[in-house]
Amino acid sequence: MKIALIAPPYPLEEAPSPPLGLSYVAAACESAGAQVILLDYIVQKYSPEKLAAELAVFKPDVVGATSVTMNFKQAIRIIQDAKKICPKAVTMMGGPHVSFDIENTLKQYPELDLIVYGEGEETLLELVPKLNDPDSWKEIQGVAFRKNNNIVITPKRPLIVHLDELSFPARHMLPMSRYQALGFPVTLITSRGCPNGCIFCLGRRMVGKKPRFRNPELVVDEIEQILSYGMTRINIADDLFTASKKRVNALCEEILSRDIKVEWSAFARVNTVNPQILAIMKKAGCDTISFGIESGDPDMLKRVKKGITLEQARQAVKWTKEAGMMAHASFMVGLPGESPQTLEHTRKFAKSLDIDYGFHFLSPFPGTTVREEIKNYDLQILTDDWDLYDANQAIVSTSQLSEKQMDDFVQEVYQAFFEKETAREQRYHQGNYSDDDFLRTEGKYRMNLIYRMLSEDMVSDTLFFQVNDHPPDVDFIQHIIEQTGMEAQMVERTIKSLIAENYLKSGVTPEGLQWYWTHNNKTD
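Put into structure tokens, the structure is as follows:
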């Protein structure tokens, strides 16, 4: 059984990291005896022609993809392309979007044969040996498919009890150096499950309300494996990392006992931290904690069942600062019953915390309480164009606020930030900059340049340069300058650093000098 797994494109604005869920899927498929490849179109350009070439070499029996709501349409287009290229291959999808929109997805997209819904690893262990026998799918929990023009949804599979039995994510299949070049962290999980009932979140529906924890020793084994790839920063992607202080303490003690030097960040709720747990997190390498506060209006927090108070938020931020870590707060715009007054309360509260914070728009994803029970809320969903479900524009309205008023509010909140950024960039271009100006502006330009090089395939196996007497990077740098139109000295500095860090290499072929991204800068 040969399975090709696909990571569809993902916006740079969302800080894409190596696809964790798909890496778990790849590991599960390997454990079930399949031969697996992972085609990562997050850090390379997608085209049907490229997909056709890669599938022609591999000749898969199965083509699978994952997605969240915001990139579902891109993912399903890739599945449609794959079905045209390999009409006999079984096509399947998993992930939170299709898990809660099964019937619509199977009705609208006949090219998709099979959905694996919910947690997929144990389902795949049972499914993979039977993928070429559709008559047996009905016996497997956690899948959905069409049969005789009817949609069959098998019973939900129980959540995985022992997470320690899962294989480590198959990151060896990913082009890790490309993510290193972008500078985004690697994500890992130490637990699954969230005991909280926020009406806008999928956490409880997807991974359950009871937290399930991994053995701290295995988590730190995985951290060491990640570091062996050359990665230096990790983001712990648990829905609630601090659900158990005892477990957090054990994990941090394990990191310290092995003398591992790693920088990491995590998500926490403001009512689950205290000075003691923050202190050991800091000692073990945590430098940033993100708190989802959502609103600065007490009544709004109750309405969305957030389960926290503003005083708890203030205290958690204060303790985090005192522990020597950066606190970041996230707020939402467009919650049910949102009004000019609630937005103003949130604006004032966010500013009073004196930390970095961000505003995101409510995206009522399939499966969320707010979407499924919308009749109970002062909220109107304005579109089901999944491409717009990126939390970067208003797609809802309330009785007191239009989507334009919400957009205008966020634009106004960020106006001072935009003006500060513009002034910093002007100083950068004029040569009248501070060290901080240079690092921030150059860092932003560098990331945009690298993402363009990746997503536009500016380093490709069809591009060759003449071998001559001058250094091999000269013509390549000039090519990138011409392709991007970006400032020459910044491009040169970036390319030279990518080469020095072993993310980019060159080699002489019969056709000429060729540049390529390394797969893993520690081993290539």
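Heads up: the sequence shown is residues 9 to 532, going by this note's numbering. The C-beta atom is built at its ideal place from N, Cα and C for all residues, glycine as well. This structure is a prediction, so every number in the text was calculated from the model and none was measured.
Where Gly216 falls, given that 16 or more other Cβ within 10 Å makes a residue buried: buried
By DSSP's criteria, Cys294 is part of a beta bridge. Which residues make up the other side? Trp272
How many angstroms separate the CA atom of Arg7 from the CA atom of Gln413? There is no way to answer for residue 7, as the model of the chain reaches only from 9 to 532.
Pro142 versus Thr162 - alpha carbon distance: 13 Å
Determine whether the Cβ of Gln52 lies closer than 8 Å to any Cβ atom of chain D. No chain D is part of this structure, which consists of one protein chain only.
Paired residues, beta bridge with Asn243 - DSSP: Thr195 and Ser273
Met78 versus Phe373 - alpha carbon distance: 9 Å
Start and end residues, beta strand (DSSP E) containing Val71: Val70 to Thr74
Do you know how far the Cα of Gln388 is from the Cα of Asp382? Residue identity check: residue 382 is Ile in the sequence provided, not Asp. Cα-Cα distance, rounded: 8 Å.
Do you know how far the Cα of Glu495 is from the Cα of Gln434? 14 Å
C-alpha gap between Ser265 and Ile297, whole angstroms: 22 Å
Taking the alpha-carbon positions, what's the Lys138 to Val65 distance? 24 Å
So is Pro348 buried or exposed if we call it buried at 16+ other beta carbons inside 10 Å? exposed
Cα separation between His478 and Arg501? 18 Å
Assuming contact is defined by CB atoms lying nearer than 8 Å, are Phe299 and Ala274 in contact in what I supplied? no
How many Å lie between Asp444 and Pro193 at the Cα? 22 Å
If I measure Cβ to Cβ from Asp465 and keep anything under 7 Å in the same chain, skipping five residues before and after, which residues do I get? Gln52 and Lys53
Tell me where the beta strand (DSSP E) around Ser338 begins and ends. Met334 to Val341
Taking 8 Å as the cut-off, decide whether the C-beta atoms of Ile110 and Val70 are in contact. no
Curious, which full-length alpha helix (DSSP H) runs of at least 4 residues does the segment 99 to 164 contain? 104 to 107, 110 to 116 and 129 to 135
Between the C-alpha atoms of Met214 and Phe108, what's the straight-line distance to the nearest angstrom? 9 Å
Terminal residues of the continuous beta strand (DSSP E) containing Asp48? Gln43 to Asp48
Look at the alpha carbon of Asn56 and the alpha carbon of Ile87, and state the distance between them as a whole number of angstroms. Checking the sequence, you will find Pro at residue 56 rather than Asn. Computed Cα separation, rounded: 10 Å.
Given Asp247 as reference, the closest of Phe369, Arg277 and Lys92 once Cα atoms are compared: Arg277
Among Met9, Leu63, Leu20 and Tyr49, which residue has its Cα nearest to the Cα of Gln43? Met9
Would you list, in sequence order, the uninterrupted alpha helix (DSSP H) runs of no fewer than 4 residues that lie entirely inside the segment 419 to 472? 443 to 463
Could you please give the first and the last residue of the uninterrupted alpha helix (DSSP H) stretch that includes Leu59? Pro56 to Phe66
Find out if the Cβ-Cβ distance for the pair Gly342, Ala402 is shorter than 8 Å. yes
According to DSSP, Ile11 sits in a beta bridge with which residue or residues? Val44 and Val70
Using the three-state DSSP reduction, which class does Leu409 fall into: helix, strand or coil? coil
Taking only three categories from DSSP, how would you classify Asp305? coil
Check whether the Cβ atoms of Thr99 and Glu129 lie closer than 8 Å to each other. no
Please determine whether the Cβ atom of Glu420 lies at a distance below 7 Å from any heavy atom of the ligand ATP. Inclusion of the ligand ATP in the displayed structure is not the case, the ligand content being empty and no account of it being possible.
Taking buried to mean at least 16 other C-beta atoms within 10 Å of its own C-beta, is Asn476 buried or exposed? exposed
Cβ contact (3+ pairs, closer than 8 Å) linking the segment 364 to 371 and the segment 223 to 235: no
Looking only at C-alpha atoms, which of Ala321, Thr377 and Lys329 sits nearest to Phe4? Any question about residue 4 goes unanswered here, given that the chain covers just 9 to 532.
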